[in-house]
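Worksheet for the structure shown next.
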Amino acid sequence: MPVMTWDAALMLDQSVMDQTHEEFAELLNRLADASDSEVAAVLDEFIAHTQVHFAQEEQWMEQMAFPPLHCHQGEHQGVLEIAQEVQRRVAAGEVRLVKVLAQATAEWFANHAVTMDAMLATYMKQIDFQPGRDAQPKAGAVPLEFGCGGSAHAAGGCNAHQPEAATSEQNQ
Ligand SMILES: [Fe+2]
Ligand SMILES: [Fe+2]
Numbered sequence: 025m026p027v028m029t030w031d032a033a034l035m036l037d038q039s040v041m042d043q044t045h046e047e048f049a050e051l052l053n054r055l056a057d058a059s060d061s062e063v064a065a066v067l068d069e070f071i072a073h074t075q076v077h078f079a080q081e082e083q084w085m086e087q088m089a090f091p092p093l094h095c096h097q098g099e100h101q102g103v104l105e106i107a108q109e110v111q112r113r114v115a116a117g118e119v120r121l122v123k124v125l126a127q128a129t130a131e132w133f134a135n136h137a138v139t140m141d142a143m144l145a146t147y148m149k150q151i152d153f154q155p156g157r158d159a160q161p162k163a164g165a166v167p168l169e170f171g172c173g174g175s176a177h178a179a180g181g182c183n184a185h186q187p188e189a190a191t192s193e194q195n196q
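Numbering-wise, the sequence shown is residues 25 to 196 according to the working numbering.
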């Protein structure tokens, strides 16, 4: 069963990011539907794609000297660490954990895309930063008036949730 529906609500009007996010959602659904024999390979593919996805956003943030870089990066890092922990446990035979990871990551992403990533896309637009064209820092072009996740971020600050349930559920 799909864990994520790709629709207009998740689109950020930033073509590179939207394309990457659509692929991310497809991979999450493949992860959720993978048979036991496929799980390890799909998880490897998902992690490799996610590393590129997150590194891409982090590179843009560095190039723009984006003020909430560390907070956004910290959330990426937490998600990747959980996925890699699941990868280790899948290799040890706990294949069922992947379904939990897919569900929890889909819930995390639905929030992350419309807060942190949306704010990044807005900032790119505000300062007219275009990936591939602009390699130089554009520090301080527009002072940000809101925090890490944007003014609409329910949790605010750097404490946005991560899919922690993925590994903890199996420990009970
Ligand atoms: Fe993203
Ligand atoms: Fe992000």
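Idealized CB from N, CA, C, for every residue including glycine.
For D141, the distance from the CB to the nearest heavy atom of ligand 1 is below 7 Å. Approximately 5 Å separates the beta-carbon atoms of L52 and A130; this is inside 8 Å, confirming the contact. Nearest neighbour of E99 by Cα position, chosen from E118, T146, F133, R54, turns out to be F133.
Burial of T139 is indicated by the presence of at least 16 other C-beta atoms within 10 angstroms of its C-beta. Segment contact: the region 40-56 against the region 137-152, three or more CB-CB distances shorter than 8 Å; contact assigned. Secondary structure at R54: helix, using DSSP grouped into helix, strand and coil.
A straight line joining the alpha-carbon of I71 with that of D152 spans about 30 Å.
Boundaries cannot be given for V138, as no alpha helix (DSSP H) includes it and DSSP labels it neither H nor E. With fewer than 16 neighbouring CB atoms inside 10 Å of its own CB, M25 falls in the exposed class. The beta carbon of H96 sits no closer than 7 Å to any heavy atom of ligand 1.
Taking non-hydrogen atoms of ligand 1 into account, the C-beta of M148 is found less than 7 Å away from none of them.
In the same chain as K123, and ignoring 5 residues on each side of it, the C-beta atoms closer than 7 Å to its own belong to A56, in chain order. The distance from the Cβ of Q127 to that of V63 is about 14 Å, inconsistent with a contact at the 8 Å cut-off.
For M88, the Cβ stays outside the 7 Å cut-off from all heavy atoms of ligand 1. By the Cβ neighbour-count rule, T74 is buried, with 16 or more other Cβ atoms within 10 Å of its own.
At a threshold of 7 Å, E81 counts as near ligand 2, since its beta carbon sits closer than that to one of the ligand's heavy atoms. For E47, the three-state secondary structure derived from DSSP is helix.
Distance from the CA atom of A116 to the CA atom of A107, rounded to whole angstroms, is 14 Å.
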